[in-house]
Amino acid sequence: MTAYTLGEAGALALARIGRRAGALPQDTGRFTCSVDAEPAAAVLRQPVLPGSREAGTFEEAFFAAPATGETDRVLRAARRALDAARMLRRIERRGDRALTASERLVARLSAGTVRVLEELLALARLNRGRVYPSYDHLARVTGLGRATVARGLKLLEEIGFLVRQRRFMRLRAQGAGPRIAQTSNAYRLMLPDRLLQHLPRWLRPAPLPVDTEEHVAERAREQAVIRQTLSCRELALATLDGPLGRMLARLGAGIDAREAASRATYDDPSPGASLTMVRNSLPNYLTHRAAKTDIAGQ
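Counting from 1, one number per residue, gives the positions in the sequence shown under the working numbering.
Printed below as a string of structure tokens:
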């Protein structure tokens, strides 16, 4: 009886599955486990995280170039929020009052998280808003651990400093193996509204003029009216992009084709359609004739 380790047994099972599927040549001799089989098995397992979009299909609509001085204002607001976080933690330790959900979220802000945000803002300023660094790059330039960077990005997203979009890319591989792989995320930076109450007045953005608010509301109403006139395919293309938008556009085209066919059947002057129209109009004719008879009798 031959004893195998767990890794050898897994490699043996993968090799048998590959030979049955035709991806590997048939081996009539005894299977020997080698070191090269383990990386090949690891390459087969490259999951793509949920919510990922293909790189190069949405970036033009996702990224936004920051205005002059906007990145500096966001960084100053983040540093003020860090001071507010220390104060909120002190209030919670003393038990002066219970923190709200928004205050508890701000109280989790740390210096490492602000350092990660500072690097993202620097990339946004240099690359006109196109920010898609990897975790390893952020860990290298900030001097923080990769896990600390991941926690900081998650907290920044929860507070509202950034919007994160996962991405995947297609691989030009030959033979058996994955055709897609996860790549770095895309980030869009902004100033969250929940921080305004913790900022001094000179750091708060000026309110919009009334005429500008009215213009924005009027434009939203016009866009809603325009969307109501679009077909299902056009609405899908105007709302989404990428693979999901194309898939919904194909579904919408099918719905539009069925609706066009049903309208053509209804408007078709065939004998069957004429008979249906006569059958539907006969009760109205009889009712109208009875009414005329009653009037004549009176």
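A virtual CB, placed ideally from N, CA and C, is assigned to each residue, including glycine.
Computed from a predicted model, the values in this text were never measured in an experiment.
For the pair Ala186 and Gln165, the CB atoms are nearer than the 7 angstroms cut-off.
Beyond the five residues adjoining it in sequence on each side, Asp256 comes within less than 7 angstroms, by CB distance, of Ser231, Cys232, Arg233 in the same chain, given in chain order. In the DSSP assignment, Tyr132 falls outside any alpha helix (DSSP H) and carries neither an H nor an E. If you check the CB distance, Phe161 and Leu117 come in under 7 angstroms.
With a threshold of 16 other beta carbon atoms within 10 Å, Arg140 falls short and is exposed. Annotation for Phe62: the continuous alpha helix (DSSP H) segment containing it runs 59-62. In this structure Ser52 touches Gln182 by the C-beta definition: roughly 7 angstroms separates them, less than 8 angstroms. Closest option to Leu126, judged by alpha-carbon separation, among Leu248, Ala64, Pro47, Gly245: Ala64.
If you ignore the 5 residues before and after Arg194, its C-beta comes within less than 8 angstroms of the C-beta of Ser102, Leu105, Val106, Ile159, Gly160, all in its own chain and listed in chain order.
Look at the beta carbons and you see the segment 108-115 touching the segment 76-85: at least three pairs across the two are nearer than 8 angstroms. Shown here, Val48 sits in coil according to DSSP, grouped into three states, outside any helix or strand. Residue Leu235 holds the alpha-carbon nearest to the alpha-carbon of Arg250 among Leu235, Leu138, Ser262. The C-beta distance from Ala124 to Leu189 rounds to 5 angstroms, short enough to meet the 8 angstroms contact threshold. The beta-carbon separation of Arg167 and Ala55, rounded to 4 angstroms, stays under the 8 angstroms limit for a contact. DSSP, reduced to helix, strand and coil, places Arg128 outside both helices and strands of the structure shown, so it counts as coil. Under the three-state reduction of DSSP output, Leu235 falls in the helix class. Looking at the backbone, the Cα of Arg170 and that of Ala260 are separated by about 37 angstroms. Exclusion of the five residues before and after Arg89 leaves Ala107 as the residues of its chain whose Cβ lies within less than 8 angstroms of its Cβ.
Put simply, of Gly143, Arg219, Gly245, Ala67 the residue whose alpha carbon is nearest the alpha carbon of Arg115 is Gly143.
The beta carbon of Gly95 sits closer than 7 angstroms to none of the beta carbons in its chain outside the five residues before and after it. In this structure, Leu199 keeps its C-beta atom at 7 angstroms or more from the C-beta atom of Arg79.
Inclusion of Leu156 and Val149 in the CB contact set at 7 angstroms is not warranted, their separation being larger than that value.
Per DSSP, Thr183 lies in no alpha helix (DSSP H) segment; the continuous beta strand (DSSP E) that holds it begins and ends at 180-189. Burial is judged here by how many other beta carbons sit within 10 angstroms of a residue's own beta carbon; Leu120 has at least 16 and is buried.
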